Each structure stands twice: as structure tokens, then as C-alpha cells.
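Be aware that the sequence shown starts at 2, since it is given in our numbering, and climbs by one per residue.
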Amino acid sequence: MRHILRETWSGLKRNRAMTFAVMVTMWVSLSLFGASVLVTEQVDTMKGRWYDQIEISVFLCTEVSAGAGGAAAGNCEPGQETTDAQRELIEERLNANPEVANVYYETKAEAYEEYQRMYANSPLVDVLSKDQMQDSFRVKLKDPENYRGVVAEAKTLPGVQNVQDLHQVLDPLFSVLNALIWGARFLAALLILAAATQIGNTIKLSAFTRRRELGIMRLVGASSTYITMPFVMESLVAALGGILLSALTVMACVKFVIIDRAQVSIKALAWIGWPAAWVAILWIAVAGVALAVVPTLLSSRKYLAV
Numbered sequence: 002m003r004h005i006l007r008e009t010w011s012g013l014k015r016n017r018a019m020t021f022a023v024m025v026t027m028w029v030s031l032s033l034f035g036a037s038v039l040v041t042e043q044v045d046t047m048k049g050r051w052y053d054q055i056e057i058s059v060f061l062c063t064e065v066s067a068g069a070g071g072a073a074a075g076n077c078e079p080g081q082e083t084t085d086a087q088r089e090l091i092e093e094r095l096n097a098n099p100e101v102a103n104v105y106y107e108t109k110a111e112a113y114e115e116y117q118r119m120y121a122n123s124p125l126v127d128v129l130s131k132d133q134m135q136d137s138f139r140v141k142l143k144d145p146e147n148y149r150g151v152v153a154e155a156k157t158l159p160g161v162q163n164v165q166d167l168h169q170v171l172d173p174l175f176s177v178l179n180a181l182i183w184g185a186r187f188l189a190a191l192l193i194l195a196a197a198t199q200i201g202n203t204i205k206l207s208a209f210t211r212r213r214e215l216g217i218m219r220l221v222g223a224s225s226t227y228i229t230m231p232f233v234m235e236s237l238v239a240a241l242g243g244i245l246l247s248a249l250t251v252m253a254c255v256k257f258v259i260i261d262r263a264q265v266s267i268k269a270l271a272w273i274g275w276p277a278a279w280v281a282i283l284w285i286a287v288a289g290v291a292l293a294v295v296p297t298l299l300s301s302r303k304y305l306a307v
């Protein structure tokens with residue numbers, strides 16, 4: 002063990018510049034990898050918060066549910082509101098759908114009260130009157146992801162003027178966020194590949210500078226493990242430096258960007274916190290150790306073979 006530690010320290014001093022370059026490359030790549038983990042956690046948190054609150058709104062016909070040319074909107078008859086028979090049929094079909102968890106009927110008066118409450122301190126509070134409101138069914142789904150069948154069926158029912166679904170807004174947003182996640186992962190993968198290449202070059206350089214010592218060790222019958230361990234330890238030291246710097250970067254991002262800024266300024270959104278940071282740091286540690294050990298062992302088979 003003393004020999005391994007001595008050779009490790011000697012190698013670190015001999016290859017200071019390469020070790021520092023590997024550490025910085027791993028710092029940047031692992032930080033970007035950790036950022037992609039944080040963004041993934043944030044998207045999942047937002048999905049869980051928003052999708053759980055999503056309701057499909059099935060708006061019923063009113064006497065003015067017609068276009069300027071007299072054509073009815075949706076499945077409405079010009080100048081006629083939804084009949085009681087149509088309303089009962091709509092409720093029956095919605096309740097019979099296996100994807101529906103709950104159906105709540107909201108009258109014009111209740112819709113107007115909710116509108117007044119939401120815009121109590123806004124200039125828009127007097128824009129709409131009670132007569133301009135619509136009766137509607139608020140549909141809660143068992144699984145918010147399975148909404149298309151319910152929406153498609155509701156749009157075909159007589160007496161339905163329109164069907165609103167927040168997935169039309171949220172799905173494009175999450176598509177953009179997922180694209181950003183994969184972009185960050187791609188860049189992280191490129192930087193990790195660069196770090197692995199640097200580690201391989203460092204092992205090659207170290208083996209060349211110690212070729213005389215390695216030749217003697219081969220002649221006296223030293224094992225592959227005995228020869229390889231100092232190089233593995235060198236890579237682990239560089240990796241631990243990169244892991245530590247990346248962990249501090251992730252913690253600073255969560256503290257100063259999310260907790261101190263985002264959570265304070267945008268309270269309507271569900272934000273990640275320290276638990277997500279610990280998850281990201283754990284993945285950074287696993288990736289960093291693997292990045293140090295695997296390239297070193299592969300390079301040792303080529304340059305340090307006994």
C-alpha cells in the first residue's frame with residue numbers, strides 16, 4: 002500500500018498539468034450532467050403538480066353559440082342552448098368513461114362567481130357578465146396522461162359547444178423542456194468523452210515517463226493489479242476533485258438560483274429543492290468514479306500490460 006500511495010503522489014506531481022486539465026474537464030462535464038438531472042427533476046415536479054390539477058372542461062351550448070354567419074359552433078344548434086336531455090346524456094357518457102374519475106357540473110352562476118374571485122383585483126373583473134358565462138362539466142381524470150380519448154368523445158356529443166384541455170398548452174411546453182434536457186445530456190456526453198480521452202492520454206504519458214520502472218516491475222513478476230493501482234488512484238484523485246467542484250456548483254445553483262430567486266419570485270410553480278440536489282450529486286459521484294476507473298482500466302490493458 003505504501004508503494005501505491007508513493008507512486009500515486011509521484012505521478013500526480015509529475016503530471017500536474019494533465020491532472021488539472023482532467024479535473025477541470027470533469028468539473029464542467031459533470032456539472033452539465035448534474036444540471037440535466039436537476040432539469041429532469043424540475044420537469045417531473047412540474048408535471049406532477051400541473052397534471053394532477055388538470056381538468057377537462059366541457060362547455061355547453063348557449064343561445065349565442067353561433068358564428069357571425071349563423072353557423073353553430075361545436076355541436077350546437079343556432080340560437081339554442083343545451084337541452085336537459087342532452088345535458089343528462091353528456092353527464093352519463095362522461096361518467097361511463099373508464100378514464101374519468103369524477104364529473105362536476107358547474108352552472109353559469111358558479112362560473113361567474115369563480116371568475117369574480119380570480120379577477121377580483123384585476124381590471125378584467127367587469128369585462129364579462131353572468132349571461133356570458135357557460136354551463137360546463139369539469140372532468141377529473143384517473144390518469145392525466147390519458148386524456149385524448151375523453152376529449153375526442155366529448156367533442157362528438159350533442160349539446161357540447163367546446164372542450165378545453167390544458168394539455169394543449171402544457172404538452173408543447175414540456176416538449177421544449179425535454180428537448181433542452183436531451184441537449185444538455187448530449188453536451189455532457191461530449192464533455193465526458195473528452196474527459197475520458199484526456200484520462201487515457203494521461204495514462205499513456207505516465208506509462209511512458211515510468212517505462213523503466215514498469216519494465217523492472219515486470220521482470221520481477223509484479224502483478225497487473227500492483228502495477229495498475231497507482232494509475233487508478235491518480236485518476237480517482239482527479240475525479241474526486243471534479244466531483245467536489247461539480248457538487249458545489251450544483252448546490253450553488255439550487256441555493257442561489259432556485260431557492261433564493263425562483264421560489265421567491267414565481268410562487269405559482271412547484272420548484273425542486275435540496276432533495277433533488279442530493280439526487281443530482283449522487284449521480285455525479287457515480288458518473289465521476291466510473292469515468293475515472295473505466296478509462297484507466299481500459300488504457301492499462303494497452304499501455305501497462307504485464
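Backbone N, C-alpha and C fix where the C-beta goes; we use that ideal spot for every residue, glycine too.
Computed from a predicted model, the values in this text were never measured in an experiment.
**Request:** Output the boundary residues of the beta strand (DSSP E) element that contains residue 93.
**Result:** Note, residue 93: premise wrong, no beta strand (DSSP E); alpha helix (DSSP H) at 85 to 97.
**Item:** Minimum length 3: unbroken beta strand (DSSP E) runs contained in the region 98 to 182
**Value:** 101 to 107, 137 to 142 and 161 to 165
**Asked** Should the region 28 to 39 be regarded as contacting the region 236 to 251, the criterion being three or more beta carbon pairs within less than 8 Å?
**Response** yes
**Asked** Counting Cβ pairs closer than 8 Å, one from the region 130 to 137 and one from the region 185 to 195, do we hit at least three?
**Response** no
**Asked** Who pairs with residue 58 in a beta bridge, going by DSSP?
**Response** 139 and 165
**Message:** Do residue 161 and residue 57 have their beta-carbon atoms positioned less than 8 Å apart in this structure?
**Reply:** no
**Prompt:** If you draw a straight line from the alpha carbon of residue 45 to that of residue 80, how long is it in whole angstroms?
**Reply:** 45 Å
**Item:** Simplified DSSP state of residue 273, which is helix, strand or coil
**Value:** coil
**Asked** What number of angstroms, rounded off, separates the C-alpha of residue 166 from the C-alpha of residue 138?
**Response** 12 Å
**Prompt:** Taking just the CA atoms, how far does residue 147 sit from residue 265?
**Reply:** 33 Å
**Prompt:** Out of curiosity, what's the CA-to-CA distance linking residue 278 and residue 236?
**Reply:** 25 Å
**Reference residue 154; option with closest CA among 39, 100, 107 and 182** = 100
**Item:** residue 152 to residue 179 span [Cα, whole Å]
**Value:** 24 Å
**Prompt:** Run through DSSP, which three-state label would residue 254 get?
**Reply:** helix
**Prompt:** With a CB to CB cut of under 8 Å and the five nearest residues on each side skipped, what residues in its chain are close to residue 102?
**Reply:** 141, 142 and 143
**Asked** If you draw a straight line from the C-alpha of residue 282 to the C-alpha of residue 34, how long is it?
**Response** 10 Å
**Item:** Contacts around residue 292, its chain only, beta-carbon distance under 7 Å, and the 5 residues preceding and following it disregarded
**Value:** 27, 193, 196, 197 and 240
**Message:** Quick check: residue 38 and residue 258, are their CB atoms within less than 8 Å of each other?
**Reply:** no
**Asked** In terms of alpha-carbon separation, which member of 105, 62 and 98 lies closest to residue 84?
**Response** 62
**Request:** Could you say which of 294, 76, 134 and 59 lies nearest to residue 233 if we only look at CA atoms?
**Result:** 294
**Message:** Using the three-state DSSP reduction, which class does residue 69 fall into: helix, strand or coil?
**Reply:** Unreliable positioning characterises residue 69 in this predicted model, as indicated by a pLDDT of 42, which lies under 50. A coordinate reading is not provided.
**Prompt:** Skipping 5 residues on each side, what residues in its chain have a beta carbon closer than 7 Å to that of residue 263?
**Reply:** 272
**Request:** Starting from the Cα of residue 174, find the closest Cα among 114, 249, 47 and 19 and give me that residue.
**Result:** 47
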